[in-house]
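Novice:
Number of protein chains: 2
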Amino acid sequence: MKKDKESISKLSEFYKVFGDTTRLHILYTLLQKEMCVGDLSKLLNISQSAISHQLKILRLYSLVRYEKKGQCVFYSITDEHVKKILEDGFLHMSEL
Amino acid sequence: MKKDKESISKLSEFYKVFGDTTRLHILYTLLQKEMCVGDLSKLLNISQSAISHQLKILRLYSLVRYEKKGQCVFYSITDEHVKKILEDGFLHMSEL
DNA sequence: CCTTTCTATGAATAATTGTTCATATATTCA
DNA sequence: TGAATATATGAACAATTATTCATAGAAAGG
Numbered sequence: 019m020k021k022d023k024e025s026i027s028k029l030s031e032f033y034k035v036f037g038d039t040t041r042l043h044i045l046y047t048l049l050q051k052e053m054c055v056g057d058l059s060k061l062l063n064i065s066q067s068a069i070s071h072q073l074k075i076l077r078l079y080s081l082v083r084y085e086k087k088g089q090c091v092f093y094s095i096t097d098e099h100v101k102k103i104l105e106d107g108f109l110h111m112s113e114l
Numbered sequence: 019m020k021k022d023k024e025s026i027s028k029l030s031e032f033y034k035v036f037g038d039t040t041r042l043h044i045l046y047t048l049l050q051k052e053m054c055v056g057d058l059s060k061l062l063n064i065s066q067s068a069i070s071h072q073l074k075i076l077r078l079y080s081l082v083r084y085e086k087k088g089q090c091v092f093y094s095i096t097d098e099h100v101k102k103i104l105e106d107g108f109l110h111m112s113e114l
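As you go down the protein sequences, you meet chains A and B in turn. Count the first sequence with my numbering and you get residues 19 to 114, in order. Count the second sequence with my numbering and you get residues 19 to 114, in order.
(1) Using a Cβ-Cβ cutoff of less than 7 Å, which residues in the same chain neighbour A/K86 once the five nearest sequence positions on both sides are dropped?
(2) Checking contacts by CB at 7 Å: is B/M53 closer than that to chain A?
(3) When you compare each of B/D38, B/K74, B/S59, B/L29 to A/S30 by their alpha carbons, which one comes out closest?
(4) Under 8 Å Cβ-Cβ, which residues of chain B neighbour A/G107?
(5) Which value, in whole angstroms, describes the spacing of the CA atoms of A/F32 and A/G107?
(6) Would you say the region 59–66 of chain A touches the region 88–105 of chain A, given that touching needs at least three Cβ pairs under 8 Å?
(7) Going by the CB atoms, is the gap between B/L81 and B/L55 shorter than 7 Å?
(8) What separation, rounded to the nearest whole angstrom, lies between the Cα atoms of B/L114 and B/G88?
(9) With the cut-off set at 7 Å, would you say A/T40 and A/Q72 are in Cβ contact?
(10) Output, in chain order, the set of chain A residues within a Cβ distance shorter than 7 Å of B/L61.
(11) Within its chain, find whatever has a CB closer than 8 Å to the CB of A/V35; leave out the 5 residues flanking it on each side and keep chain order.
(12) Please confirm if A/L42 has its CB atom under 7 Å from at least one CB of chain B.
(13) Under 7 Å between C-beta atoms, does A/Y84 make it to chain B?
(14) Smallest Cα separation from A/E105: which of A/L45, A/M53, A/K23, A/K28?
(15) By the three-class DSSP mapping on this structure, what secondary structure does B/Y33 have?
(16) Per DSSP, A/F92 is paired with what?
(17) Can you have a look at B/L109 and say buried or exposed, based on whether 16 or more other CB atoms are within 10 angstroms of its CB?
(18) Which class does A/I64 belong to by DSSP, given the choice of helix, strand or coil?
(19) Measuring CA to CA, which of A/S25, A/Y84, A/H43 is closest to B/I26?
(20) Please name the residue in A/D22, A/K28, A/C90 whose C-alpha comes closest to that of A/D57.
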């Protein structure tokens, strides 16, 4: 695995995505079940706009996917690999 | 594993530490061999002060340890667990 | 249609974080 | 002891990132 400037920069971006409480809250909530934007907003007590902006970033990094059902847009964790990353996070931390 | 506000906040802090190119560069450099502040500064072409400030954060999170030898302070990765986290990072990313 | 509801988004603002600059402390060596 | 070298650190400044605010678009229901 190369550890040049380029890939270290990529890796730091990757970590940065997880390094925000709003995004982590969204991710761990979606780990339980898929949810639409408004529900996330109410549940986490964060404005709809803020949620939407952060979901955009999570989408950009392919951490969540979405499906439109009527007026609602349901978001969910992309796949098992992302779920694993999320579960590993707590393990790593608790070992430090 | 509890996923309350408190622990999600802790976890995001943990990720945040890795979410900076300077700190990652330092960490991956120290993964090769222990090094003193000045050498890191020269090698990475980052001011001594910036390196020192970032090392302080890495120390705070127990990711590095240091040993004073004369005027120099040699830094190294704390332990195998931290090394594992660093190596896992690239794997996770490459699978996304 | 018109209104309501849900979501997305650009721009402005607020908050956070990183770097630089100036300087202090400690150690070595002449 | 005095000068040089290595590191740390507080404060100011710069840069980045998140949130809010205002608003637009899309779908559903009356």
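All C-beta atoms in this analysis are idealised placements derived from N, C-alpha and C, irrespective of residue type, glycine included. Nothing here was measured: the structure is a model prediction, and the numbers come from that model.
Specialist: This is what the structure holds:
(1) Residue 86 of chain A sits at position 68 when you count from the first residue of the first sequence. Nothing listed; no residue qualifies.
(2) Here residue 53 of chain B corresponds to residue number 35 of the second sequence, with the count starting at 1. Among the CB atoms of chain A, none fall inside 7 Å of the CB of B/M53.
(3) To locate residue 30 of chain A, count along the first sequence from 1; it is residue 12. A/S30 has its Cα closest to that of B/D38, out of B/D38, B/K74, B/S59, B/L29.
(4) Working through the first sequence from its first residue, we reach residue 107 of chain A at position 89. Residues of chain B whose Cβ lies closer than 8 Å to the Cβ of A/G107 are, in chain order, L29, F32, Y33.
(5) Position 14 of the first sequence holds residue 32 of chain A. Position 89 of the first sequence holds residue 107 of chain A. The alpha-carbon atoms of A/F32 and A/G107 are separated by roughly 13 Å.
(6) Contact fails: fewer than three Cβ-Cβ distances are below 8 Å.
(7) Residue 55 of chain B sits at position 37 when you count from the first residue of the second sequence. Residue 81 of chain B sits at position 63 when you count from the first residue of the second sequence. Reading the sequence as shown, one finds Val at residue 55 of chain B and not Leu. Not a contact, by the Cβ cut-off of 7 Å.
(8) On the second sequence, residue 114 of chain B is found 96 positions in, with the first residue counted as 1. On the second sequence, residue 88 of chain B is found 70 positions in, with the first residue counted as 1. Their backbone Cα atoms lie some 45 Å apart in a straight line.
(9) Walking along the first sequence from the start, residue 40 of chain A turns up at place 22. Walking along the first sequence from the start, residue 72 of chain A turns up at place 54. Yes, they are a contact pair.
(10) Position 43 of the second sequence, counted from the first residue, corresponds to residue 61 of chain B. Within chain A, no residue comes near B/L61; the closest Cβ sits about 12 Å away, beyond 7 Å.
(11) Sequence index remark: in the first sequence, residue 35 of chain A carries index 17 (1-based). Same-chain partners within the cutoff: R41, I75, L76, Y79, L81.
(12) In the first sequence, counting from the first residue as 1, residue 42 of chain A sits at position 24. Judged by the 7 Å Cβ criterion, A/L42 is in contact with chain B.
(13) Walking along the first sequence from the start, residue 84 of chain A turns up at place 66. Look at A/Y84: its C-beta is not under 7 Å from any C-beta on chain B.
(14) The residue you call residue 105 of chain A lines up with position 87 of the first sequence. Checked all of A/L45, A/M53, A/K23, A/K28; the closest Cα to A/E105 is A/L45.
(15) Counting from one through the second sequence, the residue named residue 33 of chain B turns up at place 15. Helix.
(16) Mapped onto the first sequence, residue 92 of chain A falls at position 74. A/C54, A/E85.
(17) Counting from 1 along the second sequence, the entry for residue 109 of chain B is found at position 91. Under this definition B/L109 is an exposed residue.
(18) Counted from its first residue, the first sequence places residue 64 of chain A at position 46. Note: A/I64 maps to coil in three-state DSSP.
(19) Locating residue 26 of chain B in the second sequence gives position 8, where the first residue counts as 1. Nearest to B/I26 by C-alpha distance, out of A/S25, A/Y84, A/H43, is A/H43.
(20) On the first sequence, residue 57 of chain A is found 39 positions in, with the first residue counted as 1. Of the listed residues, the one whose Cα sits closest to A/D57 is A/C90.
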